[in-house]
Amino acid sequence: MSDRPRHLFVERQTYRRRRLQDAARFLPVLGIVLMMVPLLWSEGAEGVTMSGAVIYLFLIWAALVAAAMVLSLYLRDDRSEPEDSPPESRREAGR
Amino acid sequence: MNTVNLLILVCTVYVALLFLVAFVAERSAMRGRGRWLRSPMVYTLSLSIYCTAWTFYGAVGYAARSGLEYITIYLGPTIVMIGWWWVLRKLVRVGRAQRVTSIADLISARFGKSNLLAVGVTILAVVGTTPYIALQLQSVTLSFASFADAVGQPGPGDGARASTALWVAMGLALFTVLFGTRNLDANERHHGVVMAIAVEAVVKLVALLAVGVFVVWGLSGGVNETLARIDASKIGNWQMDGGRWAALTFLSAAACLCLPRMFQVMVVENADEAHLRTASWAFPGYLLLMSLFVVPIAVMGLERLPEGANPDLFVLTLPLAEGQTALAIFSFLGGFSSATSMVIVAALALATMVSNHMVMPLWLRWTGGRASVSGDVRHVVLLSRRISIAGVVALGYVYYRTTGGGAALASIGLVSFAGVAQVLPVMIGGLYWRGATRLGALAGLSVGFGLWGYALFLPSLGGGIMPQDILANGPLGIAWLRPQALFGIEGLDPLVHAVLWSLLLNALTFFTVSLATFPTPLERLQGAQFVNVLNQAGSARSWSAGAAQAEDLMVMAQRILGAPEAQAFFEQEAERQSGRAVRPGALPEPNPDFLQRLERELSGSVGAATAHAMVAQIVGGASVSVRELLAVADETAQMIEYSDRLEAQSKELAATAAKLREANDKLTRLSVQKDAFLSQISHELRTPMTSIRAFSEILRDTADVSPEEQRKYSSIIHDESVRLTRLLDDLLDLSVLENGQVNLNIRQGDLREALDKAVSAAAAEGDAGLRVLREDAAAPIRLETDFDRLGQVFINLIANARKYCDAAAPELRITTRPLSDGQVQVDFVDNGSGIPLEARDLIFEKFARASPQRAGGAGLGLSICRQIMERLGGAVDYLPSERNAHFRVTLPATAAAARPARGKPKLTN
Amino acid sequence: MGKRVLVIEDEPNIIEAIKFFLSRDGWEVFTHSNGHDALEAVDRRAPDLLILDVMLPGRSGYEILRELRAQERWAKLPVLILTARGQTKDREMAAAAGASRFMTKPFSNTDILEAVRELAEA
């Protein structure tokens with residue numbers, strides 16, 4: 001009886017972790033795209049002002065940092081999965 | 001106290017503080033209380049050596065010249081860091097798993113531990129980094145001079161500048177030697193250095209922020225005013241070179257991965273992979289803060305400072321101009337920190353490479369590997385590191401002195417970035433593509449390095465190094481080879497041009513040559529290790545893990561089964577799985593079926609339990625490094641060799657035992673013979689005695705014996721007495737010969753004559769039924785031996801033939817032949833049926849008659865012959881032949897050529 | 001006509017000696033010199049007494065004696081064994097084979113004569 005829900009729970013957790021990893025993989029791609037946006041801006045006096053450019057770049061920069069921070073809080077490497085023994089002890093055991 | 005002296009004092013105190021910090025950190029680490037030294041934050045701060053004096057001073061100058069482009073230098077690393085899940089995670093994992101000591105070591109390890117590659121990367125790193133170190137020295141000198149100028153005090157002249165740089169260089173070398181080579185940690189971690197760098201990271205960030213805050217809120221009057229001023233300044237309009245924007249972002253991202261100093265703090269000094277998680281957002285945050293006030297400072301500098309002021313020093317000169325001496329000193333400290341931390345780590349990283357891949361191999365070769373076991377290698381390594389550190393710093397200083405500074409700080413930084421970025425294709429290829437080969441890497445690096453040097457580095461050095469003519473018209477006037485317009489592509493920014501071509505052709509060459517060449521087994525193994533590093537320890541294995549395992553299994557199997565056998569086995573398995581012929585080197589899928597067969601195959605060599613354990617180690621994903629596993633395999637191979645030796649020995653033992661049994665059998669037979677000896681001798685003696693006695697009694701007791709009978713019986717008595725005497729003589733002879741008490745009468749003579757004598761003597765002794773044929777050697781054979789004894793042997797052999805040859809028309813063929821080694825061979829071959837197999841090894845024993853029915857003698861003849869020939873330094877043997885009795889006498893032509901008497905179980909009676 | 005004696009012995013000189021003194025004693029002496037066809041020689045000569053050497057070319061004297069004793073006709077034939085081996089073992093073997101008398105070489109002629117006479121009278 002108790003087996004089934006727990007199993008489901010683990011599955012869901014694994015699923016979550018996978019999607020978080022996907023997000024971690026996607027973040028730099030998003031970063032590149034956003035940082036390359038200035039390439040599209042028109043130059044000169046009638047174009048984007050310097051202050052606008054500064055604000056845009058630093059805002060997306062800060063957003064990326066924030067997103068990376070949030071992800072890093074939830075992101076666990078494969079090796080530290082709960083069902084695995086800690087990497088250090090396993091390495092010791094292997095010798 | 002004047003301001004310059006104050007500055008010097010503050011700097012000295014600051015340096016002393018850094019020494020103290022490093023010292024305390026080392027002490028704590030040694031006492032095992034160093035956990036706090038290795039927090040994620042310290043790791044993140046240590047990464048800040050990315051921000052050098054170039055960043056600290058140069059970014060503002062860059063912004064003042066080119067607007068926001070400077071920001072790309074930080075955007076690249078930001079993308080790398082937030083994208084850590086892609087590359088950094090793997091890089092750090094590999095670095096830790098393989099215990100790499102530098103980026104050169106990483107590349108070398110990936111491509112089959114090729115030292116050539118390591119040397120190549122090291123040279124690339126030294127060439128790329130030396131100008132950068134020079135740049136740091138220059139920035140310290142320049143900032144010091146500007147400081148002195150600005151406060152209106154006598155600044156140092158040119159000579160004093162040089163000495164400033166020298167003092168700084170020496171101090172940095174000393175620091176690096178002290179804390180970089182304190183011990184030879186297997187992990188290459190330097191707690192003191194990292195801690196000092198972290199402190200410096202904080203100092204430079206806070207210094208820059210302080211200047212920024214002063215500018216924005218102190219000078220400009222707030223954020224909005226600052227933004228307005230920005231828009232009003234000469235960099236107020238958005239202008240950019242799209243190519244440079246993208247190229248610089250890419251270049252800085254590449255540099256973040258490839259710079260030796262970045263690799264040092266990011267991978268080598270990494271204490272825990274989890275730190276990377278924190279750094280993934282904290283380091284971009286640090287970079288953001290570092291660059292946040294760059295534009296405001298630049299704009300304010302442009303606005304407030306006189307025309308012609310060096311924008312590279314705005315960070316320092318702006319507070320000075322505003323009379324904020326304390327802030328200026330702090331700012332100077334920030335720049336000083338940036339410069340020194342970079343030099344320290346760069347020197348450390350380069351010295352590790354130079355020492356490990358250039359000095360040590362040379363030293364080991366020079367000493368012939370004598371010291372490979374003794375402890376003094378450690379000492380030598382440390383010494384070599386220290387010298388290398390001093391050498392690297394000295395190189396930077398010399399570079400600074402010879403170029404005299406002057407070039408814009410930013411440009412040399414970018415040139416350096418482009419140089420080290422040449423490692424990127426090989427590094428990424430090595431991490432993600434198992435097909436990458438050593439030759440491909442070598443070729444790619446060479447092409448990239450060459451193009452970088454040709455199109456960017458040499459032209460950047462300015463006048464003299466690369467002639468203006470080549471720049472303008474190309475070498476030998478070949479226009480499409482112009483360094484800054486390769487293949488006729490003009491109009492590109494020189495940097496973008498060089499980066500584009502060098503990296504493009506680098507990657508292309510790397511890829512193409514890799515496709516065309518075949519990796520060595522070690523390369524393939526390392527490739528599998530690198531590419532699959534994330535899967536190996538994980539519980540969930542993807543499909544790619546299978547190939548890695550097959551590769552590992554293959555390598556292990558080779559160690560145990562031997563390379564050809566293992567390859568044949570794997571190919572056969574691959575064929576079985578695919579159901580058709582496969583190309584050589586194909587690997588089977590490690591499915592349970594295959595594993596079972598492999599285990600069985602291995603267990604033939606190492607035993608089932610070990611085989612199972614070894615296969616399980618690889619397949620089960622246990623975190624034993626393959627290197628260790630291979631060590632086990634080597635040991636096993638040694639054990640197999642040892643057990644082979646044991647087996648050989650036991651075979652030898654068995655052979656010896658068989659020989660012993662044989663000898664024992666012979667002894668048993670001889671013992672039976674010896675028993676028979678007494679009755680034999682009794683019989684041999686009694687027979688003639690019987691005749692003698694009988695006829696003596698007849699002569700004595702019988703009255704009417706006719707004279708004729710009398711004569712006949714007397715002669716019988718006489719003959720039998722002679723026979724008896726001869727028998728006793730033989731026995732005596734044998735006894736003397738066996739006891740070695742014989743005196744040889746050695747003289748010179750001719751073999752043919754000796755044989756003639758023997759043949760006629762033998763003929764005189766018995767009936768003439770035997771025909772003797774002679775085949776003498778063409779040349780007379782001179783001998784130096786005892787001819788009486790030799791004749792005795794010959795007569796005996798001839799008499800034997802006469803006695804035992806059972807042919808209808810008995811014939812004996814005697815052949816003489818000189819041998820090359822000073823021996824002489826005489827063969828006696830008759831046309832009889834020969835001696836039965838079972839009797840052959842007994843005929844030379846006493847009283848052993850091959851066929852009793854024709855026994856004339858006592859059976860001592862051959863026994864005596866053998867004894868005589870041994871005394872003469874030769875031998876008499878019976879040659880096994882199908883039909884004929886074939887005796888061979890071998891003897892030395894001279895006494896000097898005699899061979900030692902053969903050992904023979906002696907049976908004395 | 002005297003009694004018939006067969007001497008099976010391979011040494012011609014010994015045969016000569018035995019023949020000399022037995023014929024003088026009135027025996028008709030037949031001789032045979034090898035072991036191969038010794039039995040046939042016995043059948044042919046049908047002796048009243050047999051003098052048998054042990055060491056014969058072809059077959060040993062004991063062997064011949066055993067086969068003789070196995071035949072009804074020669075079961076009672078007096079046989080004098082002569083041998084150059086005089087050990088106890090040889091004496092026992094001779095007795096086991098069925099010898100009537102055992103004598104070692106060299107022998108005394110008179111001893112042989114006496115033994116032959118005794119065996120013939122018995």
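Chains as they are written, first to last, in the UniProt record's numbering: chain A, 1 to 95; chain B, 1 to 909; chain C, 1 to 122.
We put the beta carbon where it would ideally sit given N, CA and C, even for glycine.
- At a cut-off of 8 Å, the C-beta of F887 of chain B has no neighbouring C-beta in chain C.
- In this structure, L525 of chain B lies near V555 of chain B, with their beta-carbon atoms less than 8 Å apart.
- If you keep only unbroken alpha helix (DSSP H) runs of at least 4 residues inside the region 661 to 712 of chain B, you get nothing at all.
- Assignment of alpha helix (DSSP H) within the region 233 to 261 of chain B, counting only whole runs of 4 or more residues, yields 242 to 258 in chain order.
- Listed as beta-bridge partners of D750 of chain B by DSSP are B:R782.
- Look at the UniProt domain "Response regulatory" (4 to 120) of chain C and you find these whole runs of beta strand (DSSP E), each 3 residues long or longer: 4 to 8, 28 to 32, 49 to 53, 79 to 83 and 101 to 104.
- The residues L382, R385 and R386, in chain order, have a CB closer than 6 Å to that of T181 of chain B in the same chain once the five nearest residues on each side in sequence are set aside.
- In terms of Cβ geometry, I344 of chain B and V193 of chain B form a close pair [threshold 8 Å].
- Separation of Y50 of chain B and A246 of chain B (C-alpha to C-alpha, rounded to the nearest whole angstrom) is 19 Å.
- The Cβ atoms of G440 of chain B and L505 of chain B lie no closer than 8 Å to each other.
- Contact note: F695 of chain B reaches chain C through A17, using a C-beta cutoff of 7 Å and chain order.
- If you compare the alpha carbons of B:F314, B:C256 and B:L117 with that of A64 of chain B, the shortest gap goes to B:F314.
- Cα atoms of T687 of chain B and P57 of chain C: separation of roughly 14 Å, rounded to the nearest angstrom.
- The C-beta distance from Y400 of chain B to A228 of chain B rounds to 41 Å, too long to fall under 8 Å, and the pair is not in contact.
- With respect to A196 of chain B, V21 of chain B sits close: the two C-beta atoms are nearer than 8 Å.
- Straight-line measurement puts the Cα of P78 of chain C at about 10 Å from the Cα of E121 of chain C.
- Under the Cβ criterion of 8 Å, S23 of chain C is not counted among the residues facing chain B.
- Distance from the CA of G31 of chain A to the CA of V37 of chain A, rounded to the nearest whole angstrom, comes to 10 Å.
- According to the DSSP assignment, P564 of chain B belongs to the alpha helix (DSSP H) that extends over A563 to S578.
- Residue range E811 to P818 is occupied by the beta strand (DSSP E) that includes R817 of chain B.
- Taking the Cα of A198 of chain B as reference, the smallest distance to any Cα among B:S39, B:A326 and B:A118 is reached at B:S39.
- Beta-bridge partners assigned by DSSP to D827 of chain B: B:T815 and B:R888.
- At least one CB atom of chain B sits nearer than 8 Å to the CB of E11 of chain C.
- Of the residues assessed, G301 of chain B falls on the buried side of the cut-off, its CB having 16 or more other CB atoms within 10 angstroms.
- For D877 of chain B, the enclosing beta strand (DSSP E) begins and ends at A875 to Y878.
- Nearest CB-CB separation between S833 of chain B and chain C: not below the 8 Å threshold.
- Residue-level contact by beta carbon fails for M869 of chain B and chain C, as no gap is shorter than 8 Å.
- Q649 of chain B is classed as exposed because its beta carbon has fewer than 16 other beta carbons within 10 Å across all chains shown.
- Rounded to the nearest whole angstrom, the C-alpha separation of Q264 of chain B and M30 of chain B is 21 Å.
- Per the coordinates, the alpha-carbon of E523 of chain B lies some 9 Å from the alpha-carbon of A436 of chain B.
- Checking the DSSP bridge columns, you'll see L773 of chain B partnered with B:R813.
- Taking the Cα positions, R438 of chain B is about 29 Å away from L248 of chain B.
- Each of B:G67, B:M342 and B:E708 was checked against the Cα of V299 of chain B, and the nearest Cα belongs to B:G67.
- Residues of the region 711 to 733 of chain B whose Cβ lies closer than 7 Å to any Cβ of chain C, in chain order: I716 and E720.
- Contacts with chain B at 8 Å (Cβ-Cβ) include M55 of chain C.
- Shown here, T656 of chain B sits in a helix according to DSSP, grouped into three states.
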